[in-house]
Structure formats: structure tokens, C-alpha cells
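Working notes, beginning with the structure itself.
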């Protein structure tokens, strides 16, 4: 046995038969073939462990591509970059910055590996910015028989795009992603303004502000009518960086030390969660900064939490906010962590929650020391009623039957899965629950 594996939050664990760290695509192919032949299955790809559900958990084999983390090539003329899938988003963005390039956007967890970020549909915020998967031009993966396959973005709408659109958000169900080619943009600056707001004045103007701003993010504080609005717009203005001492104080003292201490109090005495939420809201302050897009990323979270996030149609977001805040208040749920709202454009990945978008992503968080089940169930009921679909790397209660009725690309993804993994080598217990058994193909096995 390899010992116990835990995800980042510490709330999901498993005891795999082995954890493997291939250092090359060839080694990964040989490893997957050997594990299949030995019966050490399922084989589950795993990254930095930032998924909040059981996506990676297995008693079979975990394969971590974290040692396959090199930049293989940067073409500054075309903006294309080819990298190994085990590279972290932090290392990727730093390498791009040194070449005068940037991702259009990325998610908030820079410690994530690129392969894992793509597998779960990681996204940033902005109604003209789709998920990280939308920036992929090609992807290589090792499939169940040890074959290395490459899926490239179709050159025209007449080409068959199902394999590509399945591979760029594949949940690790199709194989181990080893290399990715991304489309980047010239490095750019953002002018970010954060403003504490009262909900009663923010809600009537929210949708107009979202439409007029490149990147909008909102944090809403339960048991208050207060929010923190973050708006970022691209600019050519010179950088105006915050005082390093103030930045250290806000990030390390206020956002980490003070926030962590307050949440630990709520965990000890859940009845004081409303007071803790009010205290956290009081920490929210105004600020303004102009800097490179990569330097305005959210720092790694030091307070452990679990999360559920749903994508809903943007016109329903105000109703979602008000109803979730109301159910917390009426049921006196022990919630002290803010609700987070972001926005994203539509993309073409078959399993994307934003297919048919644009969408608003509504995320509810709970500190690991507090119960999350009742809170998430109440919020999920509201979000499903509003046409929501869950983020694949976060908690939800849905099964394959639910997804089959709500995901437009469901059948197409199933056909791709049946072609590349007919025996379900990559399908652990969790995938069996959310994807169901591998479908049978007309005419039998491929």
C-alpha cells in the first residue's frame, strides 16, 4: 500500500495500491499498460488535490504527472506555447511573463497543475473569458491501451470535434493528459478596483456593471447586506503597485491570520457564525491597483475550506444571491465564509457547465471545521431550480442520470469515452456515479 492520500482540504482521502510519478510520456504509457495488465485498476490521474469531491480517490493506482512539468516550447510570433501537463499554473504564468505573454485568464488556485485544471473546467471571471479549456489548441494523452493520442482543435466547423472537446475537460476519464498546447496573448495590465458595497444599491446595477467590465467578482457576506465588489479592466496605464507593507498586512494578517482565527471561533461555537460573518465583512476595504495580470492573481488560500459551485444563466444570478442569503438567515445556518460570484463566457467543451453560456458561477464555501451538508444542500436546491450545472471539481449531489438530462454534450462524451477506454480502466467509483458505466458502442467494441 502507498499510504493515505488526501486532497487539499483534507476532507477527501483514500488508500491507493500505489502512487506513481512518471517523468516522461513514454514512462506514463508503460506504467498505465502495466497497471492494466496487473489488474491494479482503476487508474486515476491526480494533480495538486484541489478538487473538493472524490474525483481522484481510488483503491487502485494514482498517477501524478507533477514531475512532467517542463515548458517544451514558446512561439512568440504565434503566441502558442507547448507544456507538459504537470506544470503548475504559477510556473506556467511566470514562464509566459518572461516571454512577454500571458493567459487570457486563469483560475484562482495557482498551485493547481495544468492537467488537473483542464480536467475539471477551471475558470476565471469575465463574460468575454471562457474557461481555461477554451485556450487549448491541442492536447496529448495516454489512453487505456498505452496509446498516445493527440486531439487538436478543429480547423473548421465541418471537422469532427468531439474527441478534442471531450479531451479538454475530461475528468481523467479518457486517459492521462501529458502535453498541452495553449493559445496565449501578449502580456497585459489590469486596473483593479475593489469597493465595499451595500447589496440594496449594488443589485439593481449589477448586471450592467458586469457587462461593462472585463473581469467582475463579488464576495457576499451572510447575515449582512454587504458585499465586496472587485472590478478589473485592461489598461495601458503604467503600473501603480500597492505599498508592500500594506499588501503584506492585508494578505497575511487580515486575510489569513485574522480570517483563520475568526473561522476557528465559529467552528468552536457555530452559533456565533453570524457575528463572525459580520466581522469578516468589516475587514473588507476599498483599494485600487494597476499591475500585470499575473501579479493580480489571488494568493494561495491558507484557510482550509470546502466548496460547491454552480453555473447558472446570468439573468438568474441576483435571484440566486438573494435566495441563498435568505435561506442562510431563515434557517440560521452556521455560515461565516463569503459567497463568491464570478462570470464566464460560453465554451465548447462537451461537459462544460458553461456550454450554451455565458454564465454566472455561484460558489458557496464552508470552513473545514464547520458542517457543510445542510448549507450546500439548501444552496444546491436553489441553484438547480435556476437551471444550474455544477463545477466538476467541487461538491454536488448529482448522478449520471441528472447529467444525462441536463448536459447537451453528454452522449457525445460517452461515445468518446467508449472508444478510448471501453473497459473503464480510468473509471473509479466516483466516475461510475457521475458518468455511469462506459456506454456500449453500436457494433460492439472499437
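Numbering (the working numbering), first residue to last: 90 to 535.
Quick reminder that beta carbons are idealized off the backbone N, C-alpha and C, glycines included.
*asked:* In this structure, how does DSSP classify residue 122 when only helix, strand and coil are distinguished?
replied: helix
*asked:* Going by C-alpha to C-alpha distance, which of 170, 301, 111 and 145 sits closest to residue 155?
replied: 111
*asked:* At a cut-off of 7 Å, would you count residue 500 as near the ligand HEM, judging by its Cβ distance to the nearest heavy atom?
replied: Annotation note on the ligand HEM: not contained in the displayed structure, which lists no ligands.
*Kindly indicate the opening and closing residues of the beta strand (DSSP E) around residue 54.*
The question about residue 54 has no answer here: the residues shown for the chain are numbered 90 through 535.
*Decide yes or no for the touch test of the stretch 392 to 408 against the stretch 279 to 290: beta carbon pairs closer than 8 Å, at least 3 of them.*
no
*With a cut-off of 8 Å on the beta carbons, I'd call residue 204 and residue 136 a contact; round off their distance for me.*
6 Å
*Could you spell out where the alpha helix (DSSP H) holding residue 399 opens and where it closes?*
For residue 399, there is no enclosing alpha helix (DSSP H); the enclosing beta strand (DSSP E) has its first and last residue at 394 to 402.
*Length of the line joining the Cα atoms of residue 138 and residue 153*: 10 Å
_Check this for me: beta carbons of residue 523 and residue 487, under 8 Å apart or not?_
In contact: residue 523 and residue 487 (Cβ atoms closer than 8 Å).
*Helix, strand or coil for residue 342 per DSSP?*
The predicted position of residue 342 is uncertain, since its pLDDT is 49 and thus under 50; a value taken from the coordinates is nonetheless stated next. The answer is helix: DSSP assigns residue 342 an H, G or I state.
*Counting only the same chain and skipping the five closest in sequence on each side, list residues whose C-beta sits under 7 Å from that of residue 540.*
In the structure displayed, the chain extends from 90 to 535; residue 540 sits before or after that span and is not available.
_Residue from 361, 170 and 141 with nearest C-alpha to residue 485_ = 141
*C-alpha gap between residue 417 and residue 308, whole angstroms*: Residue 417 and residue 308: Cα-Cα distance of roughly 15 Å.
*In chain order, which alpha helix (DSSP H) runs of at least 4 residues are fully inside the stretch 488 to 526?*
489 to 495, 499 to 509 and 518 to 524
*Using 8 Å as the threshold, is the stretch 352 to 360 in touch with the stretch 294 to 310, meaning 3 or more CB pairs across them?*
no
*Taking only runs that begin and end inside the stretch 256 to 317, name each unbroken alpha helix (DSSP H) of 4 or more residues, in chain order.*
Here the runs fully enclosed are 288 to 291 and 295 to 301.
*If you count every other CB in all the chains shown that lies within 10 Å of the CB of residue 419, and 16 or more means buried, which is it?*
exposed
_Does residue 271 pass the burial test, meaning 16 or more other C-beta atoms within 10 Å, or should it be called exposed?_
buried
_Let's test the definition: count the other Cβ atoms within 10 Å of the Cβ of residue 124 and tell me whether it reaches 16, buried, or not, exposed._
Around the beta-carbon of residue 124, 16 or more other beta-carbon atoms lie within 10 Å, marking it buried.
*Can you list, in chain order, the residues of its chain whose CB lies under 7 Å from that of residue 361, leaving out five sequence neighbours each side?*
354 and 355
*Do the CB positions of residue 316 and residue 510 come within less than 8 Å of each other?*
no
*With C-beta atoms as the reference, is residue 330 less than 8 Å away from residue 274?*
no
*Just tell me which of 132, 147 and 321 has its CA closest to the CA of residue 234.*
Of all alpha-carbon atoms in 132, 147 and 321, the one lying nearest the alpha-carbon of residue 234 is that of 132.
*Nearest residue (CA-CA) to residue 377, options 322, 427 and 102*: 322
*Per the contact definition of three or more C-beta pairs closer than 8 Å, is the stretch 214 to 222 in contact with the stretch 91 to 105?*
Short answer: they don't touch.
*asked:* Can you look up residue 479 in the DSSP assignment and give me helix, strand or coil?
replied: strand
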